[in-house]
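Engineer: Chains as they are written, first to last, in numbering that gives the first Met the number 0: chain A, 0 to 302; chain B, 0 to 440. Right, I'll just put the structure down here and ask away after.
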Amino acid sequence: MTTTVDKRQAAPTVPTAPTRNSRVGRPHAVWALPAVLFFTFFAVVPMGLAFYLSFTEWDGLGDPRPVGFANWQKLIDDPRLTQSLSLTVVLTVASWAFQTVVALLLGVWAAGRQRNRAVLSAIFFVPFLLSSTAIAILFYALLDPNFGIIQKDTLGSQSGAFLAIVFVGGWQFIPFHTLIYQGGARQIPEVLYQAAAIDGAGRYRQFFSITLPQLRHTITTSTVLMVVGSLTYFETVLILTKGGPGTDTAILPYLMYEAGFKTYDFGYASAIASFLVLAATGLSLVLVRLTGFGTMRSTREGM
Amino acid sequence: MESNRGRTFSRRWVLGAGAASLLTTGLTACGGSGGGAGGDGKTITAFVYGDDAVKVQQAGVARFNKSAAAKKAGGTVKLTEVPGSDYSPKLRTAMGSPSAPDVFFNWGGGSIKAYEEADKLVDLTDVIEGDPVLKNGFLPSVLAAGDLKGRHYGIPMRGMQPVILFYNKSVFAEHNLQPPTTWDQLLDNNAKLKKAKITPFALGGSDIWPDLMWLEYLVDRLGGPEVFKRIQDGDAEGWGDPAVLKAAELVKELIDDGAFGSKFTSVSYVNGGAPAVFARGKAAMHLMGSWEYSTQLGKFPDFAKSNLGWAAFPTVEGGTGDVRNVVGNPTNYWSINARTKNKDLAIGFLKDCASEAYAQDLIDNGDVPTTSNAADLLSSSPNPEYAKFQYDMVQQAPAFTLSWDQALGDALGTKMHTEIGKLFAGQSSPSEFVTACKGLK
Numbered sequence: 000m001t002t003t004v005d006k007r008q009a010a011p012t013v014p015t016a017p018t019r020n021s022r023v024g025r026p027h028a029v030w031a032l033p034a035v036l037f038f039t040f041f042a043v044v045p046m047g048l049a050f051y052l053s054f055t056e057w058d059g060l061g062d063p064r065p066v067g068f069a070n071w072q073k074l075i076d077d078p079r080l081t082q083s084l085s086l087t088v089v090l091t092v093a094s095w096a097f098q099t100v101v102a103l104l105l106g107v108w109a110a111g112r113q114r115n116r117a118v119l120s121a122i123f124f125v126p127f128l129l130s131s132t133a134i135a136i137l138f139y140a141l142l143d144p145n146f147g148i149i150q151k152d153t154l155g156s157q158s159g160a161f162l163a164i165v166f167v168g169g170w171q172f173i174p175f176h177t178l179i180y181q182g183g184a185r186q187i188p189e190v191l192y193q194a195a196a197i198d199g200a201g202r203y204r205q206f207f208s209i210t211l212p213q214l215r216h217t218i219t220t221s222t223v224l225m226v227v228g229s230l231t232y233f234e235t236v237l238i239l240t241k242g243g244p245g246t247d248t249a250i251l252p253y254l255m256y257e258a259g260f261k262t263y264d265f266g267y268a269s270a271i272a273s274f275l276v277l278a279a280t281g282l283s284l285v286l287v288r289l290t291g292f293g294t295m296r297s298t299r300e301g302m
Numbered sequence: 000m001e002s003n004r005g006r007t008f009s010r011r012w013v014l015g016a017g018a019a020s021l022l023t024t025g026l027t028a029c030g031g032s033g034g035g036a037g038g039d040g041k042t043i044t045a046f047v048y049g050d051d052a053v054k055v056q057q058a059g060v061a062r063f064n065k066s067a068a069a070k071k072a073g074g075t076v077k078l079t080e081v082p083g084s085d086y087s088p089k090l091r092t093a094m095g096s097p098s099a100p101d102v103f104f105n106w107g108g109g110s111i112k113a114y115e116e117a118d119k120l121v122d123l124t125d126v127i128e129g130d131p132v133l134k135n136g137f138l139p140s141v142l143a144a145g146d147l148k149g150r151h152y153g154i155p156m157r158g159m160q161p162v163i164l165f166y167n168k169s170v171f172a173e174h175n176l177q178p179p180t181t182w183d184q185l186l187d188n189n190a191k192l193k194k195a196k197i198t199p200f201a202l203g204g205s206d207i208w209p210d211l212m213w214l215e216y217l218v219d220r221l222g223g224p225e226v227f228k229r230i231q232d233g234d235a236e237g238w239g240d241p242a243v244l245k246a247a248e249l250v251k252e253l254i255d256d257g258a259f260g261s262k263f264t265s266v267s268y269v270n271g272g273a274p275a276v277f278a279r280g281k282a283a284m285h286l287m288g289s290w291e292y293s294t295q296l297g298k299f300p301d302f303a304k305s306n307l308g309w310a311a312f313p314t315v316e317g318g319t320g321d322v323r324n325v326v327g328n329p330t331n332y333w334s335i336n337a338r339t340k341n342k343d344l345a346i347g348f349l350k351d352c353a354s355e356a357y358a359q360d361l362i363d364n365g366d367v368p369t370t371s372n373a374a375d376l377l378s379s380s381p382n383p384e385y386a387k388f389q390y391d392m393v394q395q396a397p398a399f400t401l402s403w404d405q406a407l408g409d410a411l412g413t414k415m416h417t418e419i420g421k422l423f424a425g426q427s428s429p430s431e432f433v434t435a436c437k438g439l440k
């Protein structure tokens, strides 16, 4: 395969008709094939299967038995779903607020070209390289009520357990969003700041009138990622709290896990999973709509 | 031009198709390397619950693989240790897949009901009847305790596991206390311990099942074994028995009184938190299965050998349950997957559990085997006194109630766990707990 490609590249460029040049830079649809296949096998097919399972009753051993809308009816009637849904919404909002504020400030700060900022940004990035499970186990040990660093009943109270989950999630994902904001901030043309400086704008005025509006699209991207990420947040909850105390931190993905891998009601678990897919897709579409991201209006308009 | 375009397309198409087929073959290769019940029968796999007691099974597998029985059946056994808290889901997932284990650890009864209904189990009744080694090898009551509809599906493979009230002898001596024999004495002890800033009971509340032990014993002492029997037999109204409400109220009083300390909902047994609190004298007592001894022997050997005391659960004033009644797990079992490629090898392996060498390994680990030869071996236990106590406790018990979650099976058991978790975390009152349990199905 490689040799074929090499030959093609080594071959002298034959001057051909101008029609051929017009196609340069417009890759053939086949180029997308690997990505499409990957997406099909690892996302579309499993999603389709889960959707199919949501209309069946299956304990993981025999064959799935069709039950129509029974699982979806159960989903609507389940009082635990209401609790889970509100917990998930609160978790999403809290994580978004925490991560956006910190990541935006850090990212803008890290966009500076000073060497110390480069070194510190590299260090900040480390948590994102660790696996969520490792991070959760680490914090579980740190928060152990009898032998941890913080010997409080952190994970035994609703607010404590909830804040711990928000914090651990933030600790893990802020580096990633910092990177996005750093890239976004570096894209802002220097000339805007120079003009503002001539007009007498101070550092804060520059931040609120230039940096923030220019980061509009970056904020949308990062927000969509955070929201979808929070909706599917799972390992940390499983390891830190197991949904507890009681059912105080049993967010939707945990409820799905419990239905699937504890009560072995894979049909109901699939209904929850399908609901999550619909909710996440709907929410990101709404976000993109509301922020005008979809129209791709340039941030450089009028320049 | 048209032909040129066609050629470009086809070459790229070939490249893409090549990459795709590589990807697909790669995937198939990964999927096929499972082994297990789909293997050639030379090696069979056994899934076991991976805790401190697993060394007995490791020794058993090593011994069996070198034995004549293994050579005759033409294969060896490979042991897969699954970490404790993941055991049930991992087993379930594996059993539904082509790489299912041939032999697997379980709790009998409700825990294997789903597998029996899916025809995944070898019915061992006739095998046991036809084989004197197996037939006479185990205590009949224990063999029967894991039955489904009167048929045997498992061979006992670990020690008996009654739930026992453990206490820290040095803490008790220091504060001049005796193990409680009545509920009032227990409350009296608690008051003295709290005054000395010691938590009366260690409790791994984040795992929920340690919470369950309190309800199991209290309901038994208050209303006798019949109360849960009714629930186990499928009558959800059985939760409405006054003994259940009273037990939940007593638990609530203990919690509000600080008997488990203030942080128990975030303490775990599985990760060693609760045993450590108990062994280090931060808590004076621990209501736990008999495996607590081998856990402590593994983690805090000095404590296990010199300071670990044990007693039966106290009576509760006004209750009708016999103080000799026991709750817990009679033992664990090996069951055989119906799709195994080498059933003779699997049965040969199970027979080793009746051997004296296997029983001796259990004894050395501090367990009390459920084999018929156990009584004679007890004196060689690292702690003969403890082994004798356990053996007598189970022998003399008028009723041995199987752990509620194991008896009810995964689906109901998990939902019950959720309600118990809410009761212990203070999210539901005793009467709300009873109402919620009545609604479980």
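Ideal Cβ placement from N, Cα and C applies to all residues, glycine included.
Please decide whether residue 246 (chain A) counts as near chain B, where near means a Cβ-Cβ distance under 8 Å.
Structural biologist: yes
Engineer: Are the region 309-323 of chain B and the region 126-138 of chain B in contact at 8 Å, needing three or more beta carbon pairs?
Structural biologist: no
Engineer: Candidates A:116, A:96, A:112: which alpha carbon is nearest residue 172 (chain A)'s?
Structural biologist: A:96
Engineer: Within 10 angstroms of its Cβ, does residue 131 (chain B) collect 16 or more other Cβ (buried), or is it exposed?
Structural biologist: exposed
Engineer: Could you tell me which whole alpha helix (DSSP H) segments of length 4 or greater appear in the region 266-302 of chain B?
Structural biologist: Taken in chain order, the whole alpha helix (DSSP H) runs of length 4 or more contained in the region 266-302 of chain B are 272-278, 291-298.
Engineer: For residue 441 (chain B), list the residues DSSP reports as bridge partners.
Structural biologist: Any answer about residue 441 (chain B) is impossible in this case: the structure gives chain B only from 0 up to 440.
Engineer: To the nearest angstrom, how far is it from the Cα of residue 193 (chain A) to the Cα of residue 110 (chain A)?
Structural biologist: 16 Å
Engineer: Indicate the three-state DSSP secondary structure (helix, strand or coil) for residue 26 (chain B) in the structure shown.
Structural biologist: Bear in mind that a pLDDT of 39 at residue 26 (chain B), under 50, signals an unreliable position, so the number given afterwards is only what the model happens to contain. In this structure, residue 26 (chain B) counts as helix in the three-state DSSP scheme.
Engineer: Assuming residue 161 (chain B) and residue 289 (chain B) form a contact by the criterion Cβ under 8 Å, report the distance between their Cβ atoms to the nearest whole angstrom.
Structural biologist: 6 Å
Engineer: Closest to residue 111 (chain B) by C-alpha separation, out of B:272, B:90, B:96, B:399, would be which residue?
Structural biologist: The shortest Cα separation from residue 111 (chain B) among B:272, B:90, B:96, B:399 belongs to B:90.
Engineer: In three-state DSSP terms, what is residue 81 (chain B)?
Structural biologist: Annotated three-state conformation of residue 81 (chain B) is strand, per DSSP.
Engineer: Quick check: residue 200 (chain B) and residue 278 (chain B), are their CB atoms within less than 8 Å of each other?
Structural biologist: no
Engineer: So, are the CB atoms of residue 318 (chain B) and residue 220 (chain B) less than 8 Å apart?
Structural biologist: yes
Engineer: Does the beta carbon of residue 144 (chain A) sit closer than 8 Å to a beta carbon anywhere in chain B?
Structural biologist: yes
Engineer: The beta strand (DSSP E) with residue 47 (chain B) in it runs from where to where?
Structural biologist: 42-49
Engineer: Would you mind working out which of B:172, B:227, B:260 sits nearest residue 403 (chain B), comparing C-alpha positions?
Structural biologist: B:227
Engineer: Listed in chain order, which residues of the region 53-65 of chain A have Cβ atoms closer than 7 Å to some Cβ of chain B?
Structural biologist: For the region 53-65 of chain A, which is checked against every Cβ of chain B, the residues closer than 7 Å are 58, 59, 60, 61.
Engineer: Using the rule of at least 16 other Cβ atoms within 10 Å of the residue's Cβ for burial, across every protein chain shown, is residue 130 (chain A) buried or exposed?
Structural biologist: exposed
Engineer: What are the boundary residues of the beta strand (DSSP E) that residue 197 (chain A) is part of?
Structural biologist: Judged by DSSP secondary structure, residue 197 (chain A) falls outside any beta strand (DSSP E) and instead within the alpha helix (DSSP H) spanning 189-197.
Engineer: Since I believe residue 246 (chain A) is in contact with residue 25 (chain A) (beta carbons under 8 Å), could you give me their beta-carbon distance rounded to a whole number of angstroms?
Structural biologist: In fact, because the Cβ distance is near 54 Å, the residues do not count as touching under 8 Å.
Engineer: Residue 154 (chain A) versus chain B: which residues are under 7 Å apart at the beta carbon?
Structural biologist: 265
Engineer: Run through the region 110-169 of chain B for me and flag every whole alpha helix (DSSP H) of 4 or more residues, listed as ranges in chain order.
Structural biologist: Whole alpha helix (DSSP H) segments, 4+ residues: 112-116, 124-128, 131-134, 139-144.
Engineer: In angstroms, rounded to a whole number, what distance separates the CA positions of residue 265 (chain B) and residue 297 (chain B)?
Structural biologist: 23 Å
Engineer: Please confirm whether residue 424 (chain B) has its beta-carbon closer than 8 Å to some beta-carbon of chain A.
Structural biologist: yes
Engineer: Could you name the residues of chain D that residue 257 (chain A) contacts, counting a contact when the two beta carbons are closer than 9 Å?
Structural biologist: Absent from the structure is chain D; the protein chains it does hold are A and B.
Engineer: Could you compute how far the alpha carbon of residue 421 (chain B) sits from the alpha carbon of residue 244 (chain A)?
Structural biologist: 7 Å
Engineer: Apply the 10 Å Cβ neighbour rule to residue 151 (chain B) and answer buried if 16 or more other Cβ atoms are within range, or exposed otherwise.
Structural biologist: Counting Cβ neighbours within 10 Å, residue 151 (chain B) comes out buried, since at least 16 surround it.
Engineer: With a threshold of 16 other CB atoms inside 10 Å of the CB of residue 409 (chain B), please say whether the residue is buried or exposed.
Structural biologist: So residue 409 (chain B) ends up on the buried side.
Engineer: Does DSSP put residue 336 (chain B) in a helix, in a strand, or in coil?
Structural biologist: strand
Engineer: I want to see whether chain B comes within less than 8 Å of residue 76 (chain A), judged by CB atoms only; does it?
Structural biologist: no
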